[in-house]
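Notes follow once the structure below has been shown.
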Amino acid sequence: MLSWIRRNPPQHKGRLTPEFDRVYHYHIRKTAGSSLNAAFLSAFAGKRVTVKALAGAPKHRIAGEIGPAVGWNELLIKSGSFAYAFSHSPYHSLKVPAKTCTFTVFRDPVERAYSHFLMLKGYIENGVDHPCLASEGDWASGDFSDFIASADRDHLLRQLYMFSEDFDVDEAVEAVSSLDQVGFFHELGNFLESAQALFSVDLPMRHENRSLSRKKLSAEDLAAFRPHFEPEYEMLAKIRERKG
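Residue numbers (my numbering): 3 to 246.
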């Protein structure tokens, strides 16, 4: 019996709205996802529940005020054992239960990749012992051009890969169309207002996990690097077209 419980954890059966029992975030790195997670955790699990606290909790799960909060644990996420959850797992490898409000946030592809590069660079230059450096640190040993040349494609084009294992634009657009909410980095205010109204909660937005370096790309740099990310630009254009 105990082994059965471990394989099949209980579902969260609380009703958030007449339509949804829980909320899940397909978290794409460097799209303000950590800040969004912090806001939702505060609202759903309690003001003292942070992403850091969740990372240190057994099975990355904390019993919250509205319901359980879960991070990264695919077994618990697939079982529906949460009121709010997130992970970096791609859509094609992690399907969530029915009655789950699903969302993601997108960002300008060059800006997102550059933020990833600056994050790694900042960790290296400031001696931060982050686990991601073991597999990604070498990507930031040079400049941004070197990062583009050396980073794994599923990280460089993570927004596309998150919704298509084969980097197929149309497949990704179809997958995104199945989500309940889609946000954009530079329009987070509108996204938060919509979420607050839907779930009748306050979502205090704080900036989390900012890159240690704040250097920005010029408009000329953005244009110069854009061809490397053209599939993602095509995907985002089609998603916006569908949203109307």
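C-beta atoms are modelled at their ideal positions from N, C-alpha and C, and glycine is treated no differently.
With the rule of 3 Cβ pairs closer than 8 Å, the stretch 91-107 counts as touching the stretch 18-25. Looking from the CA of Ile30, the closest CA among His188, Leu159, Val98 and Asn192 belongs to Leu159. The DSSP assignment places 155-158, 160-163, 171-179 and 190-201 as complete runs of the alpha helix (DSSP H) inside the stretch 147-208, in order along the chain (cut-off: 4 residues).
Across the set His27, Trp141, Ala41 and Glu113, the C-alpha of Glu113 shows the shortest separation from the C-alpha of Ser220.
The shortest CA-to-CA distance from Phe46 to any of Ile68, Ala59 and Ala57 is the one to Ile68.
Bridge partners of Cys103 according to DSSP: Val25. Note on Ser36: 16 or more other CB atoms within 10 angstroms of its CB, so buried under the neighbour-count rule.
A distance below 8 Å separates the beta carbons of Leu56 and Ala71. Membership of Gly58 in the alpha helix (DSSP H) is indicated by the continuous run Val53 to Gly58. Between Asp156 and Asp204, the alpha-carbon positions lie close to 34 Å from each other. By the criterion of a C-beta distance shorter than 8 Å, Lys15 is surrounded in its chain by Asp23, once the five residues flanking it on both sides are discounted. Secondary structure at Ala71: strand, using DSSP grouped into helix, strand and coil. For Phe84, there is no enclosing beta strand (DSSP E), since its DSSP letter is neither H nor E.
For His118, the enclosing alpha helix (DSSP H) has its first and last residue at Pro111 to Glu127. The C-beta separation of Phe231 from Ala115 comes to about 7 Å, placing the pair in contact by the 8 Å criterion. Counted as a single uninterrupted DSSP element, the stretch harbouring Gly144 is not any alpha helix (DSSP H), since DSSP gives it neither H nor E. Taking a 10 Å sphere around the C-beta of His118, we find 16 or more other C-beta atoms and assign the residue as buried. Taking a contact to require three or more Cβ pairs closer than 8 Å, the stretch 138-145 and the stretch 118-130 qualify as touching. Between Glu173 and Ser166, the gap from beta carbon to beta carbon is short of 8 Å. Nearest to Lys240 by alpha-carbon distance, out of Val51, Gly73, His27 and Asp170, is Asp170. Scanning Leu135, Tyr86 and Gly246 for the CA closest to the CA of Tyr28 turns up Tyr86.
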